[in-house]
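Everything in the sequence shown is counted per UniProt numbering, starting at 1 for the first residue and increasing by one.
Note that the Cβ used here is the ideal one computed from N, Cα and C, for glycine as well.
Small disclaimer: the values here were computed from a predicted structure and weren't measured.
The structure appears below as structure tokens.
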Amino acid sequence: MAGKGIDPNVITYSTIISSFSNMRNVESALAVLAKTFVRGCRPNIHTFTSLMKGYFTEGRVSEALDLWNRMVREGFGPNVVTYTTIIHGLCSVRNMHEAAVSVLHEMERKGCSPNVSTYSTSLLLMGLQKLATLLVHLRLGTI
Numbered sequence: 001m002a003g004k005g006i007d008p009n010v011i012t013y014s015t016i017i018s019s020f021s022n023m024r025n026v027e028s029a030l031a032v033l034a035k036t037f038v039r040g041c042r043p044n045i046h047t048f049t050s051l052m053k054g055y056f057t058e059g060r061v062s063e064a065l066d067l068w069n070r071m072v073r074e075g076f077g078p079n080v081v082t083y084t085t086i087i088h089g090l091c092s093v094r095n096m097h098e099a100a101v102s103v104l105h106e107m108e109r110k111g112c113s114p115n116v117s118t119y120s121t122s123l124l125l126m127g128l129q130k131l132a133t134l135l136v137h138l139r140l141g142t143i
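Here you go:
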């Protein structure tokens, strides 16, 4: 793009970062993020949310949460998509349901209304984990 006289902007970079994150290639997404800074382009909430989703998808929970903290420190207010991404990511990790519920409560305290996706994601993932635990106990004969 730049070779043709078209300067990429935050939307361009965020789209590329989102694509890499969806392909489970966070390292390439991070390389693109570095280029945004070199080119003087500041990432936005969508950029951070895409990266967090990529980290969670790769099972890199602590890095996703570190990015969440960085985003908040840098003054980016999370939106419903960001909160839903965090809740979804935490619900997909064993023993992180309480943390997910905490994020849901924080979301509501900060005036960000959960949407259908937020609730359905939470309920589905928590339900699947409880079902898996129940099946393990049944198989082991501990129930």
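- Residues 87, 90, 91 and 122 of the same chain have their beta carbon placed closer than 7 Å to that of residue 100, with the five preceding and five following residues left out of the count.
- DSSP places residue 142 in the coil class of the three-state scheme, outside both helix and strand.
- Sequence-distant Cβ neighbours of residue 56 in its own chain, meaning closer than 6 Å and more than five residues away, are 64 and 89.
- Taking a C-beta distance under 8 Å as the contact criterion, residue 84 and residue 47 do not qualify as a contact pair.
- For residue 20, the closest C-alpha among the options 10, 33, 9 and 8 is that of 33.
- Between residue 13 and residue 36, the CB-CB gap stays under 8 Å.
- Taking 8 Å as the cut-off, the beta carbon of residue 10 is found no closer than this to the beta carbon of residue 54.
- Going by beta carbons, residue 45 and residue 82 fall inside the 8 Å limit.
- Looking at the backbone, the Cα of residue 5 and that of residue 111 are separated by about 42 Å.
- Scanning its chain for C-beta atoms nearer than 8 Å, with the 5 sequence neighbours on each side dropped, one finds around residue 41 the residues 8, 9, 10 and 13, in chain order.
- With respect to residue 58, residue 24 sits close: the two C-beta atoms are nearer than 8 Å.
- For the pair residue 80 and residue 114, the CB atoms are nearer than the 8 Å cut-off.
- By the Cβ-count criterion, residue 29 is buried, with 16 or more other Cβ atoms from all chains shown falling within 10 Å of its own Cβ.
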